[in-house]
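So the protein lines, in turn, are chains A and B.
Numbering (our numbering) for the first sequence: 2 to 628.
Numbering (our numbering) for the second sequence: 27 to 286.
Even for Gly, the Cβ is constructed at its ideal location relative to N, Cα and C.
Remember, predicted model here, so these are calculated numbers, not experimental data.
Scroll down for the structure; my scribbles are underneath it.
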Amino acid sequence: MKSLRALLCVGIAAAGASLLAQGQPSPAPAAADAPSGPAIDISGYWTPTMNEDGMERGAGSELNDYGGFALNESGRLWALSYDPSRVTLRHHQCDAYVTPYQMRATGNFRAWEERDPHTQRLVAIHWWAQVTEGHRMIWMDGRPHPPAWAPHTFRGFSTGRYVGNALVVTTTHLKQGWLRRNGTPESDQATVTEFFVRHGDHLTNTTVVTDPVFLTEPMVRSNDYYRTPIDHGTWLYACDDGEQIVGRAPDVVPHYFFGKQPYVREYSERHKLPLAASMSGAPSMYPGFADTLKNLTEAAQTALLQPAPGKLNETSKAVDPEPRDGEIHVLPIRDNVYMLAGDGGNIVVQTGDQGAFLVDTGTGKLSDKVIAAIDKLSERPIQFIANTSFLPDRTGGNAKLGAAGMDPSLPGSFFVNSAPRAATGLFADPLRHATIIAHNNVTNRLQDAKIPEDAVPGDTYLEERRRKAHNGDSIELFYEPNAITDGDSIVVFRRADVIATGDIFTTTQYPVIDPKNGGGVEGEIKALNDILNRTNYEHEGEGGTYVVPGHGFLSDEHEVVEYRDMVVIVRDRVKAMINAGATLAQVKAARLTADYDTRYGSNTGPWTTEKFVEAVHNSLKPAPKTK
Amino acid sequence: MRVVRLRAAVTAALLSWTIVALSGQGRGGAPPPAAPPTPRAAALFDITGYWVSLVTEDWRYRQFTPAKGDYVSVPLSADGRKIADMWDPAKDEAAGDQCKAYGAAGLMRMPTRLHITWQDDNTLKLETDAGTQIRTFTFGKAPTGAGTLQGASVATWDQPRAIFASPIPNRGGPQVRGGALKVVTTSMKPGYLRKNGIPYSANAVMTEYFDRLDVPGGDSLLVVTTEIVDPEYLTTPYWTSPHFKPVDASGWHPTPCSAR
C-alpha cells in the first residue's frame, strides 16, 4: 500500500516536471557522452533520398569523376587504372559494398535493436541494406574493437555511442572497396566515423572516412533517409558468380596502363571541364577551386595521369597488423584451427585427438611462448610441422618447436626400423621430435644453408601434393613451383576450410619473390590463383574459406584476389616496358607500383619496393647468360 | 520500519517538488518564475565562427555551372523544367538578377565560407563570402526579410523530445540531450537551386537543421540537413545536407554574385 502511494507520488512528480518542461526551455546539455540510454531511436524502415549525387548512386557514376575526393597520387592512379570490367572476374562478381559506399548506395534500409532479454540494455543496433544484403552490427555494449590481426569485412567492425543528439559510430576492419562505383578506391586501412542524427522522420547519416592509403583529407559525405511506415518487402540480393567471359586466361586482370586509359577525357569533354578538374584531389573540395584551374597548362593536366617522375617511392601507410609486444596472440579461426601471431610470421595450429599439426614456426625468437600457447590449445604434443617455404620466418622455430613435440606414429614402424638414419636423421628419434614436412626443395635449401639438421624437414614431397588425414581433417600440401621460391607449398585444411599460404600471400608487403632461389612473378600469380581456386565465399564475396597469410591479418578470398590483381597489374606494366626495350633502371624509375606503394611499399628494410620491381623484372627477363 | 520512513520522506520530497513545479506556472501566489534564458544563452551548441563548405557531393553542379537542362537528382515538376529550360544568364545579368542562385535555398550549397555571429541575443547572422549575402535567423519574434532573396527565417533550438521526461536525471526514462538549430525560411524571392536556373518559387518553404558534430581528434562539422518544399516547381520535398568545417578568418574572400 505504501509502495503504491510512493509510486503515485513519483508519477505526479513526473507529470509536474513534464508540464514544466513545456513552459520553459530545457537547460543546454553538455555535448558529452551520454551516460545511458538512447538519445535517438533509428529503428524502422528507411528509404534513401537521392537528391545528392543521384546519378552516381542510381544509374552509376561516370568514369574519371573523382571531383571532391581528396585522393592522393596513389588513389588517383589506382582509380585511373581501374577498368570496370574487373567486376567480370569470378572473384569480384559478388563483392559487397564497403560501409561508406553502402550507406550511400541505392536500395532500402532497415534498422532494429538487439537488447539483452534480462536487463533490456542495448547490445547492438542492426542495420540491413537491401543492396548486397549488407548486414551491419553496431555494437552498443562497450566492447573493444578486435586486434589488428583480426579479419576485415565489407561492413567492418562498428561500435556506437550516443553523443548529444547523435548516434556516433566508429568502424574499423574494413575491406578494400569503393568510395564511388567508378573505381575510386577505399583501402582496408580506412576508418569511418558516422553520425546518425534524426529530425522527425528524417535521418541524416554523416560519414567521415579517414584513409591514410588513398586520401590526404577525410572524406565527408552525408546521406539522407526518410522513414517509411511499412515494410519495403524487398530485402534480398542473391549473388552467385559464374563465367562471364568464357576462355579468359586466369592471369588476366582488366586494367589500364598509366596514361593509357582511352576514356580519360570523356568526362571532362562531356561537361566542358578542364581535364584536371576531377583529378585535383583535396583542393577540389573548397571554394575558389574553379579559379585555380584557369591557368593550368595542358602538360600540367596530363601529368596527373602518370606517376610523378623523379619522386621517391611512397611507403606503406598501413597499420602494422602484427603484434610486436613480445607475446604470442592466439586467434581462433574455425573448429580446431588457430592462428598464432607474434613471432615474426603467422603460425597455424590444428589440434585434436592426435598431436598438434603446425604450419610454419615463425622466426623462432618467441618459440618458448609459442610452445606455451600451443600447450594451452592442445592436450597432446606437436606431432607435425609443415613448412610453406625455407624462408627464416617460416622455419626459424623448427628446431625448438620440433623438439617440443613427438611423432608417436613412427616408433616401431617399418620405416624407422629399416632406415634409422633417414634423410635428415629426424626419423631416428621420433619420440623426441615432431616430424617436419615440406617440399623437397625446402630441405635442399636449408641443407645448402647448413641449417642444423633438427630444423630441416625430413618428410618431403616432390610433386603436386602431400596429403594427410589428421585430427579429423584432410590436410593437403600443394606444391606451388617458382612462386616466392622453388619450394613453396600452401596448406589446405579441407574440413575446417582454412588455407595457410606462407609468404605467397601477405597483407603487409609486396610478395618477396626471390628469383635467385627459384621464385618468379608468373609462379607467384599461378600460386595466388591456386589459392583462389580452393576458396569459397560464404556471402557476397566474403567469409567462407579463411586464408592465413604469411604476415598480416586473417583474410578471406577478397584479400587474396586484391593481392593477385596487384601482382598481375604490376607484372603487366613491367612486361610492357621490357617489350618496349626498357632497361631495369628505366623500369625502376617509372614508378610502376605508384598506386600500390602507400599500401605495400617500403624504401627501407629487407624487402623494398625497388627489390620487388627488380624481382618482377628479373623473373620476366632473366639476365643474359655469360659465355 | 526504517524503510517505511524512508519511503515517506521520498514521497514528501517529491510531492513538495511537484507542487513547486506546478505553482511555477503562475497559479497561486508564488513569486513569478525567473525569465527564461535568451536564445543566445540557451544555445545548444556554439555555432558561431567561420566555416568553409566541403564540396564533396553534387560536386560538378556546385563547383561549376552546369549546362542548361542538367537537373539530375532535383525532383522538378513540369513547370519547373519549363523554367529551367529557359535559363538565360545574360538576361539575368541585364535584369540585375545575377544573385538568383544566391538566395537562401541555393546559397548554402555554394562553395562558400560562412561567418556566423550573434547579431543580438535573439538573432543569429549568417554571412557568406560567396555573393556576399547575409541571412538572419530570428528567435521568438517576427522575422524580417520577407520578399527578399534570403526570405524570412524563424529559428528555434530543436531537441528530440519525449512525451514524458524523467524528473530524475539519468535514472530511467528518456532524457533530452543535444539538439539542432532549426530554421524555417519562407517568403523568399524566387531564385535558383543551382546556378543553371533550376527554380524555386516564392511559395517555397525551406526547413534547415544545423547540427554541430564533433569528430574524434578535435575537428567539428556543421551539417545542414535541408528540406525544401515547393508546391510550384518540385514534385517532392528536396533534401540535401551540405556540410562545413571550421576555419579561421584568413581565407574570407568576398566575391560578388555571378550568374554564370
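Quiz prompt | K527/A in three-state terms, based on DSSP | solution = Taking the first sequence and counting its residues from 1, the one referred to as residue 527/A is at position 526. Three-state result, K527/A: helix.
Practice problem: With DSSP as the reference, please indicate the residues paired to Y83/A in a beta bridge. | Solution: The residue labelled residue 83/A in the question sits at position 82 within the first sequence. Beta-bridge pairing links Y83/A to H256/A.
Practice problem: Could you tell me whether any Cβ in chain B is nearer than 8 Å to the Cβ of L175/A? | Solution: As a working note, residue 175/A is residue 174 in the first sequence. No - not a single Cβ of chain B is within 8 Å of the one on L175/A.
Quiz item: Is the distance from the Cβ of T173/A to the Cβ of V132/A below 8 Å?
Solution: Numbered from its first residue, the first sequence carries residue 173/A at position 172. Numbered from its first residue, the first sequence carries residue 132/A at position 131. Not in contact: T173/A and V132/A (Cβ atoms no closer than 8 Å).
Exercise. Check the Cβ-Cβ distances between G54/B and every residue of chain A, and say whether any is below 8 Å.
Key: The residue given as residue 54/B occupies position 28 in the second sequence. Unreliable positioning characterises G54/B in this predicted model, as indicated by a pLDDT of 49, which lies under 50. The coordinate reading is nonetheless provided below. So, not an interface residue.
Quiz item: Would you call S37/A buried or exposed, if buried means 16 or more other Cβ atoms sit within 10 Å of its Cβ?
Solution: The residue you call residue 37/A lines up with position 36 of the first sequence. Model confidence at S37/A stands at a pLDDT of 44, short of 50, so the residue's coordinates are unreliable; what they give is reported in the following sentence. By the 10 Å Cβ count, S37/A comes out exposed.
Quiz item: Over what stretch of residues does the alpha helix (DSSP H) that includes V443/A continue unbroken?
Solution: Taking the first sequence and counting its residues from 1, one reaches residue 443/A at position 442. Start and end: N441 to D449.
Quiz item: Among the residues of its own chain, which have a CB less than 6 Å from the CB of S285/A, if the five just before and after it don't count?
Solution: As a working note, residue 285/A is residue 284 in the first sequence. Closer than 6 Å at the Cβ level, and outside the excluded window around S285/A, lie G68 and G69.
Quiz item: Is it true that the CB of L175/B sits closer than 8 Å to the CB of G129/B?
Solution: Working through the second sequence from its first residue, we reach residue 129/B at position 103. Working through the second sequence from its first residue, we reach residue 175/B at position 149. In this structure, L175/B lies closer than 8 Å to G129/B by Cβ.
Exercise. Under 8 Å between beta-carbons, which chain A residues line up against E258/B? List them in chain order, please.
Key: The residue you call residue 258/B lines up with position 232 of the second sequence. Neighbours of E258/B on chain A: none; closest Cβ ~18 Å, over 8 Å.
Exercise. Could you please give me the residues that DSSP links to P308/A through a beta bridge?
Key: Here residue 308/A refers to the residue found at position 307 when the first sequence is read from its first residue. DSSP output for P308/A lists no bridge partner at all.
Quiz prompt | Proximity to R77/A [Cα-Cα], best of N109/A, P308/A and P85/A | solution = As a first step, residue 77/A is located in the first sequence; it is residue number 76 there, counting from the start. Per the Cα distances, P308/A.
Quiz prompt | Residue nearest to G205/B in terms of C-alpha spacing, selected from F155/A, Y163/A, S188/A and T194/A | solution = Here residue 205/B refers to the residue found at position 179 when the second sequence is read from its first residue. The shortest C-alpha separation from G205/B is found at Y163/A.
Quiz item: Got a sec: is the Cβ-Cβ distance from S267/B to anything in chain A below 8 Å?
Solution: As a position in the second sequence, residue 267/B is number 241, starting the count at 1. It does; some Cβ of chain A falls within 8 Å.
Quiz item: If you scan the segment 523-574 of chain A from start to end, which runs of the beta strand (DSSP E) of 3 or more residues do you find wholly inside it?
Solution: 547-549
Practice problem: Check the Cβ-Cβ distances between Y287/A and every residue of chain B, and say whether any is below 8 Å. | Solution: Start at 1 with the first residue of the first sequence, and residue 287/A comes out as number 286. By this cut-off, Y287/A is an interface position.
Quiz item: Excluding sequence positions up to five away, which residues of its chain have a Cβ less than 6 Å from the Cβ of L216/A?
Solution: Looking up residue 216/A in the first sequence gives position 215. Taken in chain order, the residues that qualify are A71.
Exercise. Leaving out five residues on either side along the sequence, give the residues of the same chain with a beta carbon under 7 Å from the beta carbon of E53/A.
Key: Translated into the one-based positions of the first sequence, residue 53/A becomes position 52. Excluding residues within five positions, none has a Cβ falling inside 7 Å.
Quiz item: Hey, quick one: how far does the beta strand (DSSP E) through R395/A stretch, first residue to last?
Solution: By one-based count along the first sequence, residue 395/A stands at place 394. Here R395/A belongs to no beta strand (DSSP E); instead the alpha helix (DSSP H) covers P393 to T396.
Exercise. Assuming K312/A and R600/A form a contact by the criterion Cβ under 8 Å, report the distance between their Cβ atoms to the nearest whole angstrom.
Key: Taking the first residue of the first sequence as position 1, residue 312/A is located at position 311. Taking the first residue of the first sequence as position 1, residue 600/A is located at position 599. Not a contact, Cβ separation roughly 17 Å.
Self-check item: Own chain partners of A528/A with C-beta closer than 6 Å, once the 5 adjacent residues on each side are dropped
Solution: The sequence position of residue 528/A within the first sequence is 527, counting from 1. Contacts found: E481, A484 and I505.
Quiz item: K151/B bridges to which residues according to DSSP?
Solution: Position 125 of the second sequence holds residue 151/B. T143/B and T162/B.
Quiz item: Where in the segment 226-257 of chain B do unbroken runs of the beta strand (DSSP E), each at least 3 residues long, occur, reported from the N-terminal end onward?
Solution: 231-240 and 246-255
Exercise. Tell me, please, whether the CB atom of D105/B is closer than 8 Å to any CB atom in chain A?
Key: Sequence index remark: in the second sequence, residue 105/B carries index 79 (1-based). D105/B does not count as touching chain A.
Quiz item: Is any beta-carbon of chain B found at less than 8 Å from that of D212/A?
Solution: Start at 1 with the first residue of the first sequence, and residue 212/A comes out as number 211. No, because no Cβ of chain B sits closer than 8 Å to the Cβ of D212/A.
Quiz item: For R187/B, does the three-state DSSP call read helix, strand or coil?
Solution: Translated into the one-based positions of the second sequence, residue 187/B becomes position 161. DSSP places R187/B in coil when its eight states are reduced to three.
Exercise. List the residues of chain B whose Cβ lies closer than 7 Å to the Cβ of H272/A, in chain order.
Key: Position 271 of the first sequence holds residue 272/A. What H272/A touches in chain B: R86.
Exercise. With DSSP collapsed to three states, give me the class of E218/A.
Key: For the purposes of this step, residue 218/A is taken as residue 217 along the first sequence, with counting starting at 1. Here E218/A sits in coil by DSSP.
Practice problem: Would you identify the three-state DSSP class for F71/B, choosing helix, strand or coil? | Solution: Reading the second sequence from its first residue, position 45 is the one you call residue 71/B. Reduced to three states, the DSSP call for F71/B is coil.
Quiz item: Three or more C-beta pairs closer than 8 Å, one from the segment 221-232 of chain B and one from the segment 110-124 of chain B: is that the case here?
Solution: yes
Quiz item: Just how far apart, CA to CA, sit D212/A and F196/A?
Solution: Here residue 212/A refers to the residue found at position 211 of the first sequence. Here residue 196/A refers to the residue found at position 195 of the first sequence. Distance between the alpha carbons of D212/A and F196/A: 18 Å.
Quiz prompt | R53/B (DSSP reduced to helix, strand or coil) | solution = To locate residue 53/B, count along the second sequence from 1; it is residue 27. Confidence in R53/B is poor, its pLDDT being 47 and thus under 50, which makes the residue's placement unreliable; the coordinate value appears in the next sentence. Three-state DSSP puts R53/B in coil, outside helix and strand.
Quiz item: Does DSSP put G282/A in a helix, in a strand, or in coil?
Solution: Stepping through the first sequence from its first residue, residue 282/A is reached at position 281. Here G282/A sits in coil by DSSP.
Self-check item: Neighbour-count burial assignment, N65/A, 16 or more Cβ in a 10 Å radius
Solution: For the purposes of this step, residue 65/A is taken as residue 64 along the first sequence, with counting starting at 1. By the neighbour-count rule (16 or more Cβ atoms within 10 Å), N65/A is buried.
Practice problem: Could you check which residue in A80/A, T50/A, T100/A and D96/A has the C-alpha nearest to that of P101/B? | Solution: For this step, residue 101/B is matched to residue 75 along the second sequence. Of the candidates A80/A, T50/A, T100/A and D96/A, the one whose C-alpha sits nearest the C-alpha of P101/B is T50/A.
Exercise. Report buried or exposed for T192/A, applying the criterion of at least 16 other Cβ atoms within 10 angstroms of its Cβ.
Key: Here residue 192/A corresponds to residue number 191 of the first sequence, with the count starting at 1. Buried, since its Cβ has 16 or more Cβ neighbours within 10 Å.
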